[in-house]
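Novice:
Protein chains: 2
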Amino acid sequence: MTSEAPEHRRRDASATKAALLRAAQELFTERGYERTTVRDIADRAGVNQALLFRYFGTKEELFHVVLATESRVLIAESPAEQVLARTLAKMLSRDMDAAQDGVWLAALRSSGHDSAADAIRKQLGEDYTRVLGSLTDAEDADLRVDLVLAWIVGLGMLRTVVRKEPLVSADPGAVARLVLRAMSVLLERAETEPDC
Amino acid sequence: MTSEAPEHRRRDASATKAALLRAAQELFTERGYERTTVRDIADRAGVNQALLFRYFGTKEELFHVVLATESRVLIAESPAEQVLARTLAKMLSRDMDAAQDGVWLAALRSSGHDSAADAIRKQLGEDYTRVLGSLTDAEDADLRVDLVLAWIVGLGMLRTVVRKEPLVSADPGAVARLVLRAMSVLLERAETEPDC
DNA sequence: CTGAGATGTAAGCCTCCGCTTACATCACCG
DNA sequence: CGGTGATGTAAGCGGAGGCTTACATCTCAG
Chain R
1 MTSEAPEHRR RDASATKAAL LRAAQELFTE RGYERTTVRD IADRAGVNQA
51 LLFRYFGTKE ELFHVVLATE SRVLIAESPA EQVLARTLAK MLSRDMDAAQ
101 DGVWLAALRS SGHDSAADAI RKQLGEDYTR VLGSLTDAED ADLRVDLVLA
151 WIVGLGMLRT VVRKEPLVSA DPGAVARLVL RAMSVLLERA ETEPDC
Chain W
1 MTSEAPEHRR RDASATKAAL LRAAQELFTE RGYERTTVRD IADRAGVNQA
51 LLFRYFGTKE ELFHVVLATE SRVLIAESPA EQVLARTLAK MLSRDMDAAQ
101 DGVWLAALRS SGHDSAADAI RKQLGEDYTR VLGSLTDAED ADLRVDLVLA
151 WIVGLGMLRT VVRKEPLVSA DPGAVARLVL RAMSVLLERA ETEPDC
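The listed protein sequences derive, respectively, from chains R and W.
Position 193 (the first sequence) corresponds to 193 in UniProt numbering; numbering is contiguous.
Position 104 (the second sequence) corresponds to 104 in UniProt numbering; numbering is contiguous.
(1) Tell me the rounded alpha-carbon separation between R:R177 and W:E81.
(2) Starting from the C-beta of R:L27, find all residues in its chain whose C-beta is less than 8 Å away, skip the five residues before and the five after it, and write them out in chain order.
(3) List the residues of chain R that W:M157 touches, going by C-beta distances under 8 Å, in chain order.
(4) Does the pairing of the stretch 138-151 of chain R with the stretch 165-173 of chain R give three or more beta-carbon distances under 8 Å?
(5) Hey, W:L52 and W:V66 are a contact pair by Cβ (cut 8 Å); roughly how many whole angstroms apart?
(6) Can a CB atom of chain W be found closer than 9 Å to the CB of R:G46?
(7) Can you tell me the Cα-Cα spacing of R:T160 and W:K17, whole angstroms?
(8) Which residues in chain W have a C-beta closer than 9 Å to the C-beta of R:H113? List them in chain order.
(9) Does any C-beta atom of chain W lie closer than 9 Å to the C-beta of R:S3?
(10) Are R:G125 and W:V179 closer than 9 Å when you measure CB to CB?
(11) Distance cutoff 9 Å, beta carbons only. Does R:V162 sit that close to anything in chain W?
(12) Measure the beta-carbon distance from R:V47 to R:V83 and round it to whole angstroms, keeping in mind my assumption that it falls under 8 Å.
(13) Could you have a look at W:T36 and say whether DSSP puts it in helix, strand or coil?
(14) Considering only C-alpha positions, which residue in the set W:L155, W:Q49, W:A89, W:S184 is nearest to W:D137?
(15) Does DSSP classify W:R11 as helix, strand or coil?
(16) Who are the near neighbours of R:A23 in its chain, counting only those whose CB is closer than 7 Å to its CB and skipping five residues on each side?
(17) Whose Cβ in chain R lies nearer than 8 Å to the Cβ of W:G125?
(18) In the structure shown, what three-state DSSP assignment does W:L135 receive?
(19) Listed from N- to C-terminal order along the chain, which residues in the stretch 172-183 of chain W have their beta-carbon within a distance smaller than 9 Å of any beta-carbon of chain R?
(20) Using CA coordinates, which residue listed in R:T129, R:G154, R:L135 is at the minimum distance from R:D142?
(21) Mind checking whether R:Y33 and R:S110 have CB atoms under 9 Å apart?
(22) Taking DSSP as the reference, what is the three-state secondary structure of R:H113?
(23) Residues of chain R with a CB under 8 Å from the CB of W:R39: which are they?
(24) Find out if the Cβ-Cβ distance for the pair W:G133, R:G154 is shorter than 9 Å.
(25) So the alpha helix (DSSP H) W:G57 belongs to, where does it begin and stop?
(26) Just to check my reading of the structure: R:M91 and R:G156 have Cβ atoms closer than 8 Å, yes? What is that Cβ distance to the nearest angstrom?
(27) Using the C-alpha atoms, what's the distance from R:E30 back to R:T87?
(28) Please report the straight-line C-alpha distance between W:A99 and W:L108, rounded to a whole angstrom.
(29) Tell me which same chain residues have a C-beta within less than 6 Å of the C-beta of R:S14, skipping the five on either side of it?
(30) For a test of the three-state rule: what should DSSP assign to R:S93, helix, strand or coil?
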């Protein structure tokens, strides 16, 4: 940061690609797909616009790369019982604005026109369904998982795009506790097996 | 429908405005703000594009009118106990694609840049907070209402933009029952303050 | 009937944005 | 060194989309 004087950084394709990727991730989650321009991305990355196309081909392809990079980590390798809690914790973590996760919220927002993003969304949904579905033996387990998913998505929307108070500033732990308790009603095992 | 032959309908400014409004409402909820063009709107309304500007001034102003028209009806005049159930019922109703409600989902999707839409979202949030907050006496009532709001928003997103199955085709009654049961955990009245 | 305002239309202006091209500059290998 | 491929840059093309303008046509009051 403080050493930002040098006119020419040393040439380094992979660093440039990384900068573009990071800038794209941030901007897509801040503004959604349509409202971020390739010029914005290049500017934030401190890079010429043409390089974006050299390295990623297309705005849409770049979006896909961001999306894929991100979603790989999402389900993670947590045991099923903890996937929910960890997903929530991640989503509620304060450094959201640093744009770690949540690009997939951008995908959601601009959804409908992009088949590849659709595929990723679908995959993500299936991953969650598989993992969370194992937590309940209700016959409508898949539906219940969708409801859980809906809640997580809604929380993300309200936090990152609406920035609704008191949600944004609330203690993540408290929020997680409330949500998990309510969710346990949905994902309980046959009789009352709430686990917090 | 069958009498669609006549080349020139009788001139009628208010009918034209209404047609534009309806077309705008449908398209905004189908595609979100950014991805619908004024030409699309005018075409669907069967009207010359310039009229949109004559009657509404600006694409954004038209959006605001749609939003305002819509949100007026949202909270409605139901007793507090039923606001939730009715909101859910509306959101889950099959004729969603007919684009009755849900323009505010478009507002959510394209959010961040538009102060007037922000205001409407905020207002909507406050309305719900007031009404639903009266259902619980927990000290963090506002937060709990936000969580409920988040769930409703998420359900709308998953249904209308992601079109997630089995959520979309599920029996609305069953969905509502599940959701309301879980929500009641959030909005319960005091006694028994179990927290895990 | 007629003139004037209301309503509708065709055409196009202008800016933004995705993307390309032609070229300059660097870094590394012989 | 020198020269060749990799990296970076400036400029601009082409089309889309918001908005305007100039004009045609209707309709209704007087």
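The C-beta atom is built at its ideal place from N, Cα and C for all residues, glycine as well.
Specialist: So, from the listed chains and residues:
(1) When rounded, the distance between both Cα atoms is 24 Å.
(2) Take R:L27, set aside five residues on each side of it, and the residues of its chain with a beta-carbon closer than 8 Å to its own are T36, D40, I41, R44, in chain order.
(3) Within chain R, the residues near W:M157 are L108, A150, V153, G154, M157.
(4) Counting Cβ pairs under 8 Å, fewer than three are found: no touch.
(5) Rounded to whole angstroms, the Cβ separation of W:L52 and W:V66 is 12 Å, and the two are not in contact under 8 Å.
(6) No, R:G46 lies away from the interface with chain W (no Cβ there is under 9 Å from its Cβ).
(7) Straight-line Cα distance between these residues: approximately 35 Å.
(8) In chain order: R31, R35.
(9) With a pLDDT of only 40 at R:S3, under the threshold of 50, the placement of this residue in the model should not be trusted, and no figure is reported.
(10) Cβ atoms of R:G125 and W:V179: not closer than 9 Å.
(11) It does; some Cβ of chain W falls within 9 Å.
(12) Wrong, their Cβ atoms sit about 37 Å apart, outside the cutoff.
(13) It is coil, neither helix nor strand.
(14) Selected option, being the one with the closest Cα: W:S184.
(15) Here W:R11 sits in coil by DSSP.
(16) Hits under 7 Å: I41, R44, A45.
(17) Close to W:G125, with beta-carbon spacing below 8 Å, are these residues of chain R in chain order: V162, K164.
(18) W:L135 falls in the coil class under three-state DSSP.
(19) Residues A174, V175, L178, V179, R181, A182, M183.
(20) Out of R:T129, R:G154, R:L135, R:T129 has the C-alpha closest to the C-alpha of R:D142.
(21) Result yes, Cβ atoms of R:Y33 and R:S110 sit closer than 9 Å.
(22) Three-state result, R:H113: coil.
(23) Result: empty, since nearest Cβ-Cβ is about 17 Å, beyond 8 Å.
(24) No. Outside cutoff.
(25) Counting along the chain, W:G57 falls outside any alpha helix (DSSP H), and DSSP gives it neither H nor E.
(26) For a cut-off of 8 Å, the C-beta gap from R:M91 to R:G156 is around 6 Å, short enough to register as a contact.
(27) Here the alpha carbon of R:T87 sits roughly 20 Å from the alpha carbon of R:E30.
(28) In this prediction, W:A99 has a pLDDT of 49, which is less than 50 and means its spatial position is unreliable; what the coordinates show is noted afterwards. Their Cα atoms are separated by approximately 15 Å.
(29) Taken in chain order, the list of residues that qualify is empty.
(30) Coil, per DSSP.
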